[in-house]
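Student:
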Amino acid sequence: MTSKLDNKTVLFIGLGMIGGSIALGLRKVFPDICILACDSDESTCQDAVEKSIVKAAVLEADAETFIVKADLIVIALPPLLCAEVLVRIEAAAAQHCVVCDVSSVKGHIKKTAADLSESFRRRLVPSHPIAGSEKSGLAFANPELLVGRNVVMTPFLDGDCAAVNLVNHLWMSLGANVYGMSAEKHDEVLAATSHLPHMLAYTTVKVLSDHGAHEDIFRYAAGGFADFTRLASSDPKMWADIFLSNSKAVRELLDTFVSQLLIWRDELSKLDMDDVATSDESLHLKLQDFFQEAKGVREVFLEAHYSRKDSQARSNTNVSLIAGPGGSVVGDLRVPGDKSISHRAVIFSSISDGVTKIKGFLQGEDSLRTVAAFREMGVTIIGPDHGELIIFGVGKFGLCKPRKALDMGNSGTAMRLLAGLLAAQPFTSVLTGDESLMQRPMNRIVEPLREMGAVIESGKSGVPPLNISGCELKGIDYNLPMASAQVQSCVLLAGLYASGETTVREPQICRDHTERMLSGFGYDVQRTEGSRISLTGGGPLVATEIEVPADISSAAFFLVAAAITPDSDLYLRHVGINPTRTGILNLLEIMGASIELQNERIVGGEPVADIRVRYSVLRGIEIPVGQVPLAIDEFPVLFIAAACADGETILTGAEELRVKESDRLAVMAEGLKTIGVDLDLFPDGICIKGNSKMQFTGGEIDSHGDHRIAMAFAVAGLRSLAEIEILDCSNVDTSFPNFAVMAKQVGLKLAML
Ligand code: S3P
Numbered sequence: 000m001t002s003k004l005d006n007k008t009v010l011f012i013g014l015g016m017i018g019g020s021i022a023l024g025l026r027k028v029f030p031d032i033c034i035l036a037c038d039s040d041e042s043t044c045q046d047a048v049e050k051s052i053v054k055a056a057v058l059e060a061d062a063e064t065f066i067v068k069a070d071l072i073v074i075a076l077p078p079l080l081c082a083e084v085l086v087r088i089e090a091a092a093a094q095h096c097v098v099c100d101v102s103s104v105k106g107h108i109k110k111t112a113a114d115l116s117e118s119f120r121r122r123l124v125p126s127h128p129i130a131g132s133e134k135s136g137l138a139f140a141n142p143e144l145l146v147g148r149n150v151v152m153t154p155f156l157d158g159d160c161a162a163v164n165l166v167n168h169l170w171m172s173l174g175a176n177v178y179g180m181s182a183e184k185h186d187e188v189l190a191a192t193s194h195l196p197h198m199l200a201y202t203t204v205k206v207l208s209d210h211g212a213h214e215d216i217f218r219y220a221a222g223g224f225a226d227f228t229r230l231a232s233s234d235p236k237m238w239a240d241i242f243l244s245n246s247k248a249v250r251e252l253l254d255t256f257v258s259q260l261l262i263w264r265d266e267l268s269k270l271d272m273d274d275v276a277t278s279d280e281s282l283h284l285k286l287q288d289f290f291q292e293a294k295g296v297r298e299v300f301l302e303a304h305y306s307r308k309d310s311q312a313r314s315n316t317n318v319s320l321i322a323g324p325g326g327s328v329v330g331d332l333r334v335p336g337d338k339s340i341s342h343r344a345v346i347f348s349s350i351s352d353g354v355t356k357i358k359g360f361l362q363g364e365d366s367l368r369t370v371a372a373f374r375e376m377g378v379t380i381i382g383p384d385h386g387e388l389i390i391f392g393v394g395k396f397g398l399c400k401p402r403k404a405l406d407m408g409n410s411g412t413a414m415r416l417l418a419g420l421l422a423a424q425p426f427t428s429v430l431t432g433d434e435s436l437m438q439r440p441m442n443r444i445v446e447p448l449r450e451m452g453a454v455i456e457s458g459k460s461g462v463p464p465l466n467i468s469g470c471e472l473k474g475i476d477y478n479l480p481m482a483s484a485q486v487q488s489c490v491l492l493a494g495l496y497a498s499g500e501t502t503v504r505e506p507q508i509c510r511d512h513t514e515r516m517l518s519g520f521g522y523d524v525q526r527t528e529g530s531r532i533s534l535t536g537g538g539p540l541v542a543t544e545i546e547v548p549a550d551i552s553s554a555a556f557f558l559v560a561a562a563i564t565p566d567s568d569l570y571l572r573h574v575g576i577n578p579t580r581t582g583i584l585n586l587l588e589i590m591g592a593s594i595e596l597q598n599e600r601i602v603g604g605e606p607v608a609d610i611r612v613r614y615s616v617l618r619g620i621e622i623p624v625g626q627v628p629l630a631i632d633e634f635p636v637l638f639i640a641a642a643c644a645d646g647e648t649i650l651t652g653a654e655e656l657r658v659k660e661s662d663r664l665a666v667m668a669e670g671l672k673t674i675g676v677d678l679d680l681f682p683d684g685i686c687i688k689g690n691s692k693m694q695f696t697g698g699e700i701d702s703h704g705d706h707r708i709a710m711a712f713a714v715a716g717l718r719s720l721a722e723i724e725i726l727d728c729s730n731v732d733t734s735f736p737n738f739a740v741m742a743k744q745v746g747l748k749l750a751m752l
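In numbering that gives the first Met the number 0, the protein residues as written are 0 to 752.
If you want it as structure tokens, here you go:
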């Protein structure tokens with residue numbers, strides 16, 4: 000397979016440990032590319048040529064001819080020097096030349112870049128491989144240095160996408176994981192995690208040596224001292240540069256640090272130094288608590304970053320929620336962004352031309368899996384930061400072969416939509432997931448994709464993993480056997496690449512976010528006869544801006560919470576009310592709920608409103624079959640409402656609920672019975688015999704790792720006489736991070752175990 004770096008001339012300015020390692024790594028991965036270098040040290044230049052790390056090397060002063068020839072320039076110098084070099088190469092570099100620096104401070108580069116010409120600045124892609132060590136110099140260069148390490152890119156928002164993609168490709172080819180950040184955030188993060196610790200290490204060694212009898216004090220120093228002060232062996236020149244160029248962020252942290260030290264100094268100075276026996280017990284406790292808290296934080300950090308954090312490992316973590324009895328629901332909430340729209344926003348931005356800004360993105364585990372998958376395929380993504388994502392599209396044909404299986408965690412949407420996209424790529428790929436996803440049916444997408452010509456294999460009996468060998472596809476006219484937006488979207492995504500027209504016919508209307516978003520990206524999609532959706536493959540997608548509304552599926556828990564609990568009055572802000580998603584509103588209204596939509600508006604092509612919901616007496620209903628796909632994710636919590644409604648609520652035609660994150664009919668029936676609800680279960684539905692005076696008995700519920708089951712029973716606590724303990728709740732974070740915090744904010748009595 001060809002690489003974006005094939006036949007390129009790459010010039011390194013600075014051949015220390017980092018520059019040398021990148022050059023060595025590149026030479027290993029792409030033996031045919033031409034690598035040139037310049038350095039301020041003559042023996043480094045000689046060494047680099049003798050060891051065949053580079054084809055030719057000259058002193059920096061003589062670098063002009065190399066600069067003119069280069070397609071890519073990597074500046075591997077400390078930040079202050081790097082800024083000087085940028086100014087120097089601007090005039091000499093070729094019009095197409097892409098430039099990246101690797102320095103540890105990015106705000107400084109950004110400031111320097113502001114004075115450069117627009118055309119040069121747009122081809123400058125600041126990066127920071129976080130792989131340095133206390134060792135410096137070409138002698139320590141290592142071609143594997145970046146394997147499995149993180150590189151942070153801080154591209155400019157108006158950066159040239161091709162330049163950003165090329166630099167991303169450079170890091171990915173060397174085995175790194177690439178993240179995007181703003182320069183400001185990068186500098187704050189690095190000040191805390193790297194710059195402050197370096198300052199403390201240098202200071203500790205210096206203070207000790209000034210304070211004690213020189214070598215004598217070090218004679219008794221043990222491994223702890225060596226561990227703690229390792230950073231003080233780093234290159235002094237480079238670190239002086241770093242502290243000057245990131246002085247603001249470091250100074251702020253130093254202030255906090257010094258204040259904390261002063262607190263301890265003052266506390267200790269209150270003690271009677273001669274009388275250890277009467278030492279202050281409360282200070283002992285204070286110190287102990289402080290150390291304990293810090294130790295805990297470090298353990299969490301080590302666990303999160305140095306242990307296997309994949310789906311299988313996650314599924315072992317066991318969190319329970321305790322829903323305390325009673326309460327009422329009052330307040331004002333904006334629940335997190337819509338999960339379906341968040342997935343699609345990442346997918347379409349990644350394959351579009353240009354830079355897309357997304358606001359309101361759901362930072363839940365499911366949609367973060369989609370972000371991670373596209374990062375693994377070479378897309379540069381800044382954030383998410385407070386729901387904001389910036390995606391540098393690679394175009395429809397710019398994705399790279401993932402280096403490992405793409406782990407979609409708990410997310411059926413991510414797996415099924417990506418399968419459609421990957422079926423048309425010129426590379427092979429594998430999709431896996433967690434225990435629950437590995438049991439979910441995939442034949443529903445495998446069959447139409449094969450009809451389009453895809454080469455795709457599933458595991459036994461049609462479950463994941465999916466092994467996909469991308470190939471050329473042809474459009475089909477497909478009758479969906481079930482009302483599934485995931486299958487519809489999977490086929491449409493494949494259709495973007497297929498020859499001719501692709502048509503999907505829905506048996507009942509499903510959520511239409513794919514069509515709406517494709518239109519937003521300038522792609523022509525037609526819906527005719529109500530349920531027939533068509534597009535023609537081959538066109539491009541053009542980057543846009545997206546604002547993701549709050550997820551009605553997450554709002555549903557609070558809609559029901561307020562609707563079933565006396566004295567409740569709740570506002571839910573900025574909720575998506577796309578008519579293909581509002582089954583929950585329609586059904587609650589038929590049941591007699593008091594729901595008012597206010598400030599209805601269109602935001603980014605999706606209808607949005609603020610919703611006021613108050614308590615009222617509900618009545619059971621027969622659920623119209625056409626409403627089932629429009630409320631498909633909301634049934635767990637709707638069943639709780641049904642149990643609190645007078646009479647029977649009857650649901651049929653909902654066999655799809657049996658193949659969600661759990662068998663939601665069976666698992667809800669089991670849980671409802673545990674808390675005292677009378678019901679009949681059918682193969683495709685349920686009859687719940689409710690009562691507006693219902694008081695649940697409390698009990699222990701197994702959520703079977705299903706986020707929506709867990710949250711539904713958390714809501715049931717409001718009408719319970721005793722605690723409901725809900726097991727296996729860690730997956731709540733897949734769709735609703737911070738659920739418990741928000742729920743408590745408006746009156747639910749929730750605790751986490
Ligand atoms: C989704 C479609 C629905 C829904 C899921 C999200 C989507 O699944 O249950 O949570 O984003 O397309 P099905 O297509 O299987 O009904």
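Even glycine gets a Cβ: it sits at the ideal position worked out from N, Cα and C.
1. Pick helix, strand or coil for residue 167, following the three-state DSSP scheme.
2. Taking Cβ to Cβ, would you say residue 37 is nearer than 7 Å to residue 57?
3. Just the C-alpha distance for residue 90 and residue 463, rounded to the nearest angstrom, thanks.
4. Residue 242 by DSSP, collapsed to three states: which one?
5. With DSSP collapsed to three states, give me the class of residue 350.
6. What is the C-beta distance between residue 709 and residue 702, in whole angstroms, given that I count them as a contact (C-beta under 8 Å)?
7. Do residue 485 and the ligand S3P come close, with the Cβ less than 6 Å from some heavy atom?
8. Is it true that the CB of residue 500 sits closer than 7 Å to the CB of residue 479?
9. Check whether the Cβ of residue 435 sits closer than 6 Å to any heavy atom of the ligand S3P, and report yes or no.
10. Nearest by alpha-carbon distance to residue 758: which of 224, 186, 193, 185 is it?
11. Which residues in the same chain have their Cβ closer than 7 Å to the Cβ of residue 4, if we skip the five residues on either side of it in sequence?
12. The ligand S3P and residue 17: does the residue's C-beta get closer than 6 Å to at least one heavy atom of that ligand?
13. Under DSSP, the beta strand (DSSP E) around residue 176 begins and ends at which residues?
14. Could you tell me the alpha carbon to alpha carbon distance between residue 418 and residue 136, rounded to whole angstroms?
15. DSSP three-state label for residue 747, please.
16. When the cut-off is 7 Å and only beta carbons count, does residue 541 lie next to chain C?
17. With a threshold of 6 Å, establish whether the CB of residue 74 neighbours any heavy atom of the ligand S3P.
18. For residue 577, does the count of other Cβ atoms within 10 angstroms reach 16, so buried, or fall short, so exposed?
19. Hey, is residue 457 close to the ligand PLP, as in C-beta under 6 Å from one of its heavy atoms?
20. Residue 105: which of 155, 121, 411 sits nearest, CA to CA?
21. Using only alpha-carbon positions, find the residue among 371, 733, 561, 133 that is nearest to residue 436.
22. Hey, which unbroken runs of the alpha helix (DSSP H) at 4 residues or more fall wholly within the region 458-507?
23. Exposed or buried, what is residue 41 when buried is set at 16 or more other beta-carbons lying within 10 Å of its beta-carbon?
24. Indicate whether the contact test is met: 3 or more Cβ pairs, each with one atom in the region 132-152 and one in the region 6-21, closer than 8 Å.
25. When burial is assigned at 16 or more other CB atoms within 10 Å of the CB, is residue 553 buried or exposed?
26. Could you check if residue 339 belongs to the surroundings of the ligand S3P, using beta carbon to heavy atom distance under 6 Å?
27. Could you compute how far the alpha carbon of residue 569 sits from the alpha carbon of residue 633?
28. What's the gap between the Cα of residue 217 and the Cα of residue 198?
29. For the ligand S3P, is there a heavy atom less than 6 Å away from the beta-carbon of residue 31?
30. With 16 as the cutoff for other CB atoms within 10 Å, does residue 442 come out buried or exposed?
31. To the nearest angstrom, report how far apart residue 744 and residue 724 are at their CA atoms.
32. Skipping 5 residues on each side, what residues in its chain have a beta carbon closer than 8 Å to that of residue 346?
33. Do residue 631 and the ligand S3P come close, with the Cβ less than 6 Å from some heavy atom?
34. So who's on the other strand from residue 127, going by DSSP bridges?
35. If we count Cβ pairs, one from each stretch, closer than 8 Å, do we get three or more for the region 96-104 versus the region 67-79?
36. Does residue 536 pass the burial test, meaning 16 or more other C-beta atoms within 10 Å, or should it be called exposed?
Tutor: According to the structure data:
1. By 1-based counting over the sequence shown, the position of residue 167 is 168. DSSP places residue 167 in helix when its eight states are reduced to three.
2. For this step, residue 37 is matched to residue 38 along the sequence shown. For this step, residue 57 is matched to residue 58 along the sequence shown. Inclusion of residue 37 and residue 57 in the CB contact set at 7 Å is warranted, their separation being smaller than that value.
3. By 1-based counting over the sequence shown, the position of residue 90 is 91. By 1-based counting over the sequence shown, the position of residue 463 is 464. Taking the straight line joining both Cα atoms gives about 54 Å.
4. On the sequence shown, residue 242 is found 243 positions in, with the first residue counted as 1. Of the three classes helix, strand and coil, the one that applies to residue 242 here is helix, per DSSP.
5. Here the question's residue 350 lines up with position 351 in the sequence shown. DSSP places residue 350 in the coil class of the three-state scheme, outside both helix and strand.
6. Here residue 709 refers to the residue found at position 710 of the sequence shown. Here residue 702 refers to the residue found at position 703 of the sequence shown. That pair is a contact at about 4 Å.
7. Here the question's residue 485 lines up with position 486 in the sequence shown. Residue 485: yes, Cβ under 6 Å from the ligand S3P.
8. The residue you call residue 479 lines up with position 480 of the sequence shown. The residue you call residue 500 lines up with position 501 of the sequence shown. At a Cβ-Cβ threshold of 7 Å, residue 479 and residue 500 do not count as neighbours.
9. Reading the sequence shown from its first residue, position 436 is the one you call residue 435. Incorrect: residue 435 has no Cβ contact closer than 6 Å to the ligand S3P.
10. Residue 758 is absent from the structure shown; the chain starts at 0 and stops at 752.
11. As a first step, residue 4 is located in the sequence shown; it is residue number 5 there, counting from the start. Around residue 4, the same chain offers 29, 32, 168, 169, 172 as residues with beta carbons nearer than 7 Å, after the five sequence neighbours per side are excluded.
12. Walking along the sequence shown from the start, residue 17 turns up at place 18. Result no, Cβ not under 6 Å from the ligand S3P.
13. Against the sequence shown, residue 176 aligns to sequence position 177. 176-179 is the span of the beta strand (DSSP E), which, as asked, contains residue 176.
14. Along the sequence shown, read from residue 1 onward, the residue named residue 418 stands at position 419. Along the sequence shown, read from residue 1 onward, the residue named residue 136 stands at position 137. Residue 418 and residue 136: Cα-Cα distance of roughly 46 Å.
15. The residue you call residue 747 lines up with position 748 of the sequence shown. Looking at residue 747 - three-state DSSP - the assignment turns out to be coil, as it is neither helix nor strand.
16. Protein chain content of the structure displayed is limited to a single chain, and chain C is not contained in it.
17. As a first step, residue 74 must be located in the sequence shown, where it is residue number 75. The answer is no for residue 74.
18. Working through the sequence shown from its first residue, we reach residue 577 at position 578. Sixteen is the threshold: when 16 or more other Cβ atoms of the shown chains lie within 10 Å of the Cβ of residue 577, as they do, the residue is buried.
19. This structure lacks the ligand PLP; its bound ligands are the ligand S3P.
20. The sequence position of residue 105 within the sequence shown is 106, counting from 1. For the residues 155, 121, 411, the minimum Cα distance to residue 105 belongs to 155.
21. Counting from one through the sequence shown, the residue named residue 436 turns up at place 437. Nearest C-alpha to residue 436 among 371, 733, 561, 133: 733.
22. Within the region 458-507, complete alpha helix (DSSP H) segments of at least 4 residues are found at 484-494, given in chain order.
23. Sequence index remark: in the sequence shown, residue 41 carries index 42 (1-based). The residue in question, residue 41, is exposed, as its Cβ has fewer than 16 Cβ neighbours within 10 Å.
24. Yes: the two stretches touch, three or more of their Cβ pairs being nearer than 8 Å.
25. Taking the sequence shown and counting its residues from 1, one reaches residue 553 at position 554. When all chains shown are included, residue 553 counts as buried.
26. For this step, residue 339 is matched to residue 340 along the sequence shown. The answer is yes for residue 339.
27. Along the sequence shown, one-based indexing puts residue 569 at 570. Along the sequence shown, one-based indexing puts residue 633 at 634. Using only the alpha carbons, I get a separation of about 18 Å.
28. Looking up residue 217 in the sequence shown gives position 218. Looking up residue 198 in the sequence shown gives position 199. Going by the C-alpha atoms only, they are around 19 Å apart.
29. Here residue 31 refers to the residue found at position 32 of the sequence shown. Every heavy atom of the ligand S3P is 6 Å or more from the Cβ of residue 31, so no.
30. Position 443 of the sequence shown, counted from the first residue, corresponds to residue 442. Result: exposed.
31. Reading the sequence shown from its first residue, position 745 is the one you call residue 744. Reading the sequence shown from its first residue, position 725 is the one you call residue 724. For residue 744 and residue 724, the distance between alpha carbons rounds to 20 Å.
32. Mapped onto the sequence shown, residue 346 falls at position 347. The residues are 369, 373, 416, 417, 420, 492.
33. Sequence index remark: in the sequence shown, residue 631 carries index 632 (1-based). Checking the Cβ of residue 631 against the ligand S3P gives yes.
34. Position 128 of the sequence shown, counted from the start, is the residue given in the question as residue 127. For residue 127, the beta-bridge partners assigned by DSSP are 151.
35. Counting Cβ pairs under 8 Å, three or more are found: they touch.
36. Here residue 536 refers to the residue found at position 537 of the sequence shown. It is buried - the Cβ of residue 536 has at least 16 other Cβ atoms within 10 Å.
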